[in-house]
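In our numbering, the protein residues as written are 19 to 583.
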Amino acid sequence: MTVAPLRIGNASGFYGDRFDAMREMLTGGPLDVLTGDYLAELTMLILGRDRLKNPSGGYARTFLGQLEECLGLAHERGVRIVANAGGLNPAGLADAVRQLADRLGIPVRVAHVEGDDLTAGHPRSLAAHAYLGGAGIAACLREGADIVVTGRVTDAALVTGPAVAHFGWAPDAYDRLAGAVVAGHVLECGTQATGGNYAFFTDHDPARLRHPGFPLAELHEDGTSVITKHDGTGGLVDIGTVTAQLLYETSGARYAGPDVTARLDSVRLTQEAPDRVRVSGVRGEAPPPTLKVGLNRLGGYRNEVAFVLTGLDIEAKAALVRDQMEAALDAAKSRPTEVRWDLARTDHPDAPTEETASALLRLVVRDPDQNAVGRTLSGAAIELALASYPGFHVIAPPGKGSPYGVFDDVYVPQGAVEHVAVLHDGRRVPAAPATDTLVLEPAPEPALPEPLPPGPTRRAPLGVVAGARSGDKGGNANVGVWVRSDDAWRWLVHQLTADRFQNLITESCHLKVVRHTLPNLRALNFVVEGILGEGVASQHRFDPQAKALGEWLRSRHLDIPEALL
Numbered sequence: 019m020t021v022a023p024l025r026i027g028n029a030s031g032f033y034g035d036r037f038d039a040m041r042e043m044l045t046g047g048p049l050d051v052l053t054g055d056y057l058a059e060l061t062m063l064i065l066g067r068d069r070l071k072n073p074s075g076g077y078a079r080t081f082l083g084q085l086e087e088c089l090g091l092a093h094e095r096g097v098r099i100v101a102n103a104g105g106l107n108p109a110g111l112a113d114a115v116r117q118l119a120d121r122l123g124i125p126v127r128v129a130h131v132e133g134d135d136l137t138a139g140h141p142r143s144l145a146a147h148a149y150l151g152g153a154g155i156a157a158c159l160r161e162g163a164d165i166v167v168t169g170r171v172t173d174a175a176l177v178t179g180p181a182v183a184h185f186g187w188a189p190d191a192y193d194r195l196a197g198a199v200v201a202g203h204v205l206e207c208g209t210q211a212t213g214g215n216y217a218f219f220t221d222h223d224p225a226r227l228r229h230p231g232f233p234l235a236e237l238h239e240d241g242t243s244v245i246t247k248h249d250g251t252g253g254l255v256d257i258g259t260v261t262a263q264l265l266y267e268t269s270g271a272r273y274a275g276p277d278v279t280a281r282l283d284s285v286r287l288t289q290e291a292p293d294r295v296r297v298s299g300v301r302g303e304a305p306p307p308t309l310k311v312g313l314n315r316l317g318g319y320r321n322e323v324a325f326v327l328t329g330l331d332i333e334a335k336a337a338l339v340r341d342q343m344e345a346a347l348d349a350a351k352s353r354p355t356e357v358r359w360d361l362a363r364t365d366h367p368d369a370p371t372e373e374t375a376s377a378l379l380r381l382v383v384r385d386p387d388q389n390a391v392g393r394t395l396s397g398a399a400i401e402l403a404l405a406s407y408p409g410f411h412v413i414a415p416p417g418k419g420s421p422y423g424v425f426d427d428v429y430v431p432q433g434a435v436e437h438v439a440v441l442h443d444g445r446r447v448p449a450a451p452a453t454d455t456l457v458l459e460p461a462p463e464p465a466l467p468e469p470l471p472p473g474p475t476r477r478a479p480l481g482v483v484a485g486a487r488s489g490d491k492g493g494n495a496n497v498g499v500w501v502r503s504d505d506a507w508r509w510l511v512h513q514l515t516a517d518r519f520q521n522l523i524t525e526s527c528h529l530k531v532v533r534h535t536l537p538n539l540r541a542l543n544f545v546v547e548g549i550l551g552e553g554v555a556s557q558h559r560f561d562p563q564a565k566a567l568g569e570w571l572r573s574r575h576l577d578i579p580e581a582l583l
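Printed below as a string of structure tokens:
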């Protein structure tokens, strides 16, 4: 007997996303399951610091606020809610949800998933958590849970878990599981799948993108899905918006997780109707034998000061204040172990305003000792107020230094983690690790199409023909680039090599850049290793999560065939 499709939505892409999204999704149209992704590498560090102050905390408190408004709606409409808002304390959040439900008089069954917390085995870490799959979520739902909260699971597990519970897929139904992983990856960042942060936003009516609706997937028993949104909501769903999200924070053709390794090079997208994109053809392989563990720790203290340089002689002004500050840091009792200077030439000649006539010289210092980045920097900078370049001032005086975090990842055998579903009645159901596994290897490079024949070219920004989306994974950044026609693909795949990427993104010229080719999506995915230092919380660069790295690439000029312009 054919099982009805599972209509599964998303109401949060990060901790701090639109508060009203849960209500919008519950009232906007029919749903079976509503998911929420609240966790990221930086969020785990933030929650770890919260737990130091309050051991009963460590979870996303906004989720409780949303439930206070919407728990009755979900119960009336029969929508189950699955969220990783439990963070570092899923049991604590589950208890808080039960107390909320009792106070509101709403009879719901609340379960949670645990076993991801490995902090005790990594004593130097503030938080160490394994990325679990969807088996624990599936067990909770099979036993009748209305609300399931988890800690650190993979983003896609919020969809694979409900899919396994709904369709009854076996652990080795790899193609179907991979289809659910792809749908989950598209949904997990919320409105990034419905026109948010979209490279080609100027092709659409601004009013349409002002308040994009959140996405949902109609997931079928065979693992295919349709990505869409509630009727009448803002934004758009097309092949471009789905492609962009598929490329976000991924790398090669093999997208590995604890449930399955999904082959992104097998994904096929079809525009079925307005705001409806069918995802088909997804192939899956056995998952790797290990689980990723995210380690968050305090790395030390940082401080910064931004000197404003206005008008003429910008380079000379920068050199003077840099020499003065370096001499002061050298003379200090304890020079910071890391000193970084960046000059942003935001100034324009003959500028009509003082702000547009000014450049910014940014100094960032780091050290394990707060004193080395506190008075050492603050005193030296302020003492130059009347003794440096003409027009001396800073955006804000430096403070005493603040702690920064470091993210690392390690891997442990799947069987080393006790993945457990804790049911609404207190029973504990172990979620068995994968028995069949496959060591992850890079996929073979696909055959490339013939290049475009020679013809006239014009110097123009890459973004005229190509979209991009970029993001962070630990200290690495990925930049996904895609085009919308076969001819543009024939040009892009031969022109935008890893070497050309390094020439365009000069920050990467001394780093390792790996290019991955995804012909079905007409896409390239570049991984820039080490560009983000020790992860987003270390604030290594101006754009610490590489969110705009793809837009910088799109702004660079190349010789583009006139036939594509």
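Backbone N, C-alpha and C fix where the C-beta goes; we use that ideal spot for every residue, glycine too. Given the structure is predicted, the values throughout are model-derived calculations rather than measurements.
#1: Please report how far the alpha carbon of K310 lies from the alpha carbon of A235, in whole angstroms.
#2: Going along the chain, which unbroken runs of the beta strand (DSSP E) with 3 or more residues stay wholly within the stretch 134-208?
#3: How is P585 classed by DSSP in three states: helix, strand or coil?
#4: My understanding is that N314 touches S143, with C-beta atoms under 8 angstroms, so please give their C-beta distance in whole angstroms.
#5: Have a look at Q608 and L539 and give me their C-alpha separation to the nearest angstrom.
#6: Expressed to the nearest angstrom, what Euclidean distance is found between the alpha-carbon atoms of V430 and A362?
#7: Candidates M43, A101, F185 and A274: which alpha carbon is nearest L249's?
#8: For L510, which residues in the same chain have their Cβ closer than 8 angstroms to its Cβ, ignoring the five residues on either side in sequence?
#9: Restricting to runs no shorter than 3 residues, where is the beta strand (DSSP E) found entirely within the stretch 459-488?
#10: Go ahead and pull the three-state DSSP assignment for S243.
#11: Across which residues does DSSP place Y586 in a beta bridge pair?
#12: So G241 and R194 are supposed to be a Cβ contact under 8 angstroms. How far apart are they, rounded?
#13: Could you say which of L65, D50, T453 and V131 lies nearest to G444 if we only look at CA atoms?
#14: Are there three or more Cβ pairs, one per stretch, closer than 8 angstroms when the stretch 183-197 is compared with the stretch 20-35?
#15: Take the Cβ of M18 as the centre, count every other Cβ of all protein chains shown within 10 Å, and call the residue buried at 16 or more, exposed below.
#16: Assuming Q513 and L576 are in contact, meaning their beta carbons sit under 8 angstroms apart, how far apart are those beta carbons, in whole angstroms?
#17: Where DSSP assigns a beta bridge to A235, which residues make up the other side?
#18: According to DSSP, is E322 helix, strand or coil?
#19: Give me the residue from G139, Y149 and E87 with the minimum Cα distance to A119.
#20: Could you name each continuous beta strand (DSSP E) segment of 3 residues or more that falls completely within the stretch 41-126, going from the start of the chain to the end?
#21: Going by beta carbon distance, what residues of the same chain come within less than 8 angstroms of G417, once the five residues before and after it are set aside?
#22: Do three or more CB pairs link the stretch 169-177 to the stretch 247-263 at distances below 8 angstroms?
#23: Taking DSSP as the reference, what is the three-state secondary structure of R353?
#24: Do V167 and Y77 come within 9 angstroms of each other at the CB atom, strictly closer than that value?
Taking the coordinates as given:
#1: 26 angstroms
#2: 145-148 and 165-167
#3: Summary: the structure shown does not reach residue 585, with the chain confined to residues 19 through 583, and so no result is reported for it.
#4: 6 angstroms
#5: Coverage of the chain is limited to positions 19 through 583, which leaves residue 608 absent and any answer about it impossible.
#6: 42 angstroms
#7: Looking at the sequence provided, one finds Asp at residue 249 rather than Leu. Minimum Cα distance to D249 is reached at M43.
#8: V483, A484, V499, V501, R540 and L542
#9: Within the stretch 459-488, the complete beta strand (DSSP E) runs of at least 3 residues are 475-479.
#10: It is a strand residue.
#11: Summary: the structure shown does not reach residue 586, with the chain confined to residues 19 through 583, and so no result is reported for it.
#12: 3 angstroms
#13: Distance check between G444 and each of L65, D50, T453 and V131 places V131 closest, using alpha-carbon atoms only.
#14: yes
#15: Because the chain spans 19 through 583 in this model, residue 18 falls outside it and cannot be assessed.
#16: 7 angstroms
#17: Answer by DSSP bridge pairing, in chain order: I26 and I245.
#18: strand
#19: Sorting G139, Y149 and E87 by C-alpha distance to the C-alpha of A119 places E87 at the top.
#20: 51-54 and 98-101
#21: Closer than 8 angstroms at Cβ, skipping near neighbours: N321, G392 and S396.
#22: no
#23: Residue state, collapsed to three classes: coil.
#24: yes
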